[in-house]
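In this note's numbering, the protein residues as written are 462 to 923. Below: the structure, in C-alpha cells.
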C-alpha cells in the first residue's frame with residue numbers, strides 16, 4: 462500500500478486506547494478511504510460493513526449478517542430494528558472490537574432516525590464498552606453537517622475526526638517508480654493525488670500514451686470520470702460543468718464566471734460553494750490577506766478535473782475525429798501551459814514538506830501565491846509563492862518555472878522588484894525552482910545574493 466502512514470497511525474492509536482472511541486472519517490470519492498480501512502482491518506478485530514444504495518431494510522439485513530457472523534459465526538435472521546442490532550453488539554463485546562460502517566450516508570439518507578438511535582446507544586451503552594466505532598462517508602457535506610454538525614444528534618459524540626485528503630506530488634510519484642522526476646510531476650499535474658486516478662495510468666508506458674489510452678480513448682475509465690462523479694453527487698450537472706469549464710479556461714472571478722456561462726452571480730456563488738464542499742475547487746486570496754479580500758479568485762483544486770475540463774470537455778468532438786493518439790500529441794504540445802499553475806502548487810507542497818521537517822528558516826504562518834499592486838512600479842505584480850513568518854518580518858519569495866529553457870536573468874530581476882511591494886518585511890530571501898536550470902548570469906547573481914536555486918530533482922530529496 463502506497464502512503465497513508467499517518468492515517469493508519471491515527472487509526473491504530475485509537476484502536477489501542479482503553480476507552481470507547483468514535484471516529485468520523487470522510488473524504489471525497491476515489492480518495493482511498495475504503496482502502497485505508499481495509500488495510501487497518503488486516504491486523505485488528507474488526508467488523509467492516511460497506512453500506513449500499515439500498516432501502517433501509519436491506520442495509521439492516523446486511524448489517525445483521527455482518528455482526529452475527531463475526532460474533533456467533535452464523536446468521537439466524539435480520540434484526541427488526543437498528544436499535545436491536547446495536548444492542549446486540551453491546552451484549553457481545555468483550556475484547557477490543559472495531560465497528561466500521563463505510564458509506565454511512567447511504568443509511569441515514571434512507572433512515573435519518575439511525576443517527577438518534579446511534580446517539581442513544583452511545584450514551585447509554587457503548588461509551589462504557591471496549592468499542593471503537595468508525596463512521597465513514599464520501600459525502601463531505603453530509604458527514605460534516607448531518608453527522609458532526611450542531612443540529613445532528615451525534616454532534617460532539619465523536620472522539621476524533623479524520624478527513625482523508627489526496628496525495629501530494631511526492632506520494633503520487635511513488636505510483637510511477639520508473640518515470641523521470643519531470644514525468645512524475647507531469648503525471649501529478651494531469652492526475653492529481655487521487656489514488657484511483659493514479660492507478661488508472663500504466664507506469665510502463667509514456668505520459669502521452671497514457672493520455673491517449675487511459676483518458677481520450679472512448680470507454681477508458683478516466684474518459685468520463687469527472688462527468689460521472691458530478692452526476693453521482695449533484696443535480697443540474699450542466700451548470701456545474703460549465704462553471705468548471707470556465708475556471709479551467711482562465712475565468713476565476715465570480716463576475717467573469719457568471720458572464721461566461723450566462724447565469725446570475727448569486728446563483729453562481731451558491732454553486733461555487735457546493736463545488737468547494739466537494740473539494741473540487743477552492744477559493745484563494747493573496748497570501749497574507751483576509752478571506753474576505755475582494756481580490757479572491759476560484760481555482761480547480763483537483764488536477765484531473767482541471768485537465769479534463771481544459772482539454773476533453775472543451776474538445777471532445779474534435780478529439781473524437783482527430784483520434785486518441787493525435788489528440789494526446791496535441792495535448793502534450795500544450796502541457797506546459799497546464800503545468801504552470803500545477804507546478805506552483807507542487808512547489809507549495811514541497812515547502813510544506815520542508816517546514817514539517819524543520820528545513821526552512823522558519824515555519825510559515827502564511828503560505829501561498831500573492832498578487833496585487835506593487836507601489837514600487839505602480840503596476841500589478843505577483844509572486845508565485847510567498848512564505849511569511851508569524852511576526853510578519855521574515856519572508857521567502859519563490860519563483861516557480863516549468864519551462865523548457867534555463868531561467869533567464871530578467872525573471873530574477875522581476876522577483877527582486879516584486880519584493881519591493883513588501884516594505885514591512887525586513888528579512889527577505891529569494892528562492893527559485895526551475896525545471897530546466899538557470900542561465901549563467903542568474904547563477905552568478907544568486908551566489909552574490911545568497912539566493913537559493915533549486916531544480917526538479919531537489920523536490921524529491923525531502
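The beta-carbon is built from N, C-alpha and C at its ideal position, and this holds for glycine as well.
Strand pairing of residue 684, partner residues [DSSP]: Note: residue 684 sits in no beta bridge, so no partner.
Reduced DSSP secondary structure (H/G/I, E/B, other) of residue 890: Looking at residue 890 - three-state DSSP - the assignment turns out to be strand.
Where residue 585 falls: helix, strand or coil (DSSP): In this structure, residue 585 counts as helix in the three-state DSSP scheme.
Pairwise C-alpha distance: residue 844 and residue 770: Cα atoms of residue 770 and residue 844: separation of roughly 26 Å, rounded to the nearest angstrom.
Of the residues 894, 480, 575, 494, the one placed nearest residue 555, counting alpha carbons only: Ranked by Cα distance from residue 555, the first of 894, 480, 575, 494 is 480.
Boundaries of the beta strand (DSSP E) in which residue 558 is found, first to last residue: Start and end: 558-563.
Per-residue DSSP class, three states only, for residue 523: In this structure, DSSP gives residue 523 a helical state, which the three-state scheme calls helix.
Per-residue DSSP class, three states only, for residue 827: Strand, per DSSP.
Of the residues 544, 598, 506, the one placed nearest residue 489, counting alpha carbons only: Minimum Cα distance to residue 489 is reached at 598.
For residue 621, three-class secondary structure by DSSP: In the structure shown, residue 621 sits in a strand (DSSP, three-state: E or B).
Cβ-Cβ distance between residue 527 and residue 568 below 8 Å: For residue 527 and residue 568, no; Cβs fall outside 8 Å.
Stretch-stretch touch, CB-based, cutoff 8 Å, three pairs: the region 741-758 with the region 773-789: Two segments are said to touch when three or more pairs of C-beta atoms, one from each, lie closer than 8 Å; by this definition the region 741-758 does not touch the region 773-789.
Reference residue 917, options 499, 557, 906, 863, closest by Cα: Distance check between residue 917 and each of 499, 557, 906, 863 places 863 closest, using alpha-carbon atoms only.
Identified DSSP bridge partners for residue 601: Answer is none; residue 601 lacks a bridge partner.
Reduced DSSP category for residue 748 - H, G, I as helix; E, B as strand; rest coil: Here residue 748 sits in coil by DSSP.
8 Å Cβ cutoff met for residue 765 and residue 651: Between residue 765 and residue 651, the C-beta spacing is below 8 Å.
Integer Cβ distance of residue 730 from residue 715, believed to fall under 8 Å: Beta-carbon to beta-carbon, residue 730 and residue 715 are separated by about 6 Å, close enough to satisfy the 8 Å threshold.
Rounded C-alpha distance that separates residue 610 from residue 825: Going by the C-alpha atoms only, they are around 31 Å apart.
Alpha-carbon to alpha-carbon, residue 485 and residue 606: Looking at the two C-alpha atoms, the distance is approximately 12 Å.
Rounded straight-line distance, which links the Cα of residue 690 to that of residue 790: Distance between the alpha carbons of residue 790 and residue 690: 27 Å.
8 Å contact criterion, which residue 873 and residue 903 should meet: CB distance rounded: So it is a contact: roughly 5 Å between Cβ atoms.
Residue closest to residue 759, alpha-carbon to alpha-carbon, out of 620, 776, 732, 772: For the options 620, 776, 732, 772, the alpha carbon positioned closest to that of residue 759 is the one of 732.
Bridge-paired residues (DSSP) for residue 895: DSSP lists 862, 916 as partners of residue 895.
Stretch pair the region 506-526 + the region 547-562: three plus CB contacts closer than 8 Å: The region 506-526 is in contact with the region 547-562.
Member of 470, 516, 723 whose CA lies at the smallest distance from the CA of residue 497: Between residue 497 and the set 470, 516, 723, the nearest pair of CA atoms involves 470.
Selected residue, minimal CA-CA separation from residue 704, among 562, 734, 478: Nearest C-alpha to residue 704 among 562, 734, 478: 734.
Strand pairing of residue 457, partner residues [DSSP]: The first residue shown for the chain is 462 and the last is 923, placing residue 457 beyond what the model contains.
Three-state class that DSSP yields for residue 540 in the structure shown: Note: residue 540 maps to coil in three-state DSSP.
Where the alpha helix (DSSP H) through residue 498 begins and ends: Counting along the chain, the alpha helix (DSSP H) containing residue 498 begins and ends at 494-502.
For residue 704, the first and last residue of its enclosing alpha helix (DSSP H): Where residue 704 is concerned, the enclosing alpha helix (DSSP H) stretches over 698-709.
With 16 other Cβ atoms within 10 Å as the buried cut-off, status of residue 804: Under a 10 Å Cβ-count criterion, residue 804 is classified as buried, with 16 or more other Cβ atoms of the shown protein chains found around its own Cβ.
Residue 882 to residue 640 span [Cα, whole Å]: Each residue's CA atom was taken as its position, placing residue 882 and residue 640 some 40 Å apart.
Residue environment, residue 630, which counts as buried when at least 16 other CB atoms sit within 10 Å: Buried is the call here.
Residue from 590, 724, 468 whose Cα sits closest to the Cα of residue 697: Residue 697 has its Cα closest to that of 724, out of 590, 724, 468.
Delimiting residues of the beta strand (DSSP E) encompassing residue 759: Per DSSP, residue 759 belongs to the beta strand (DSSP E) from 758-761.
Beta-carbon proximity check, residue 822 vs residue 851, cutoff 8 Å: No, Cβ-Cβ distance for residue 822 and residue 851 is not below 8 Å.
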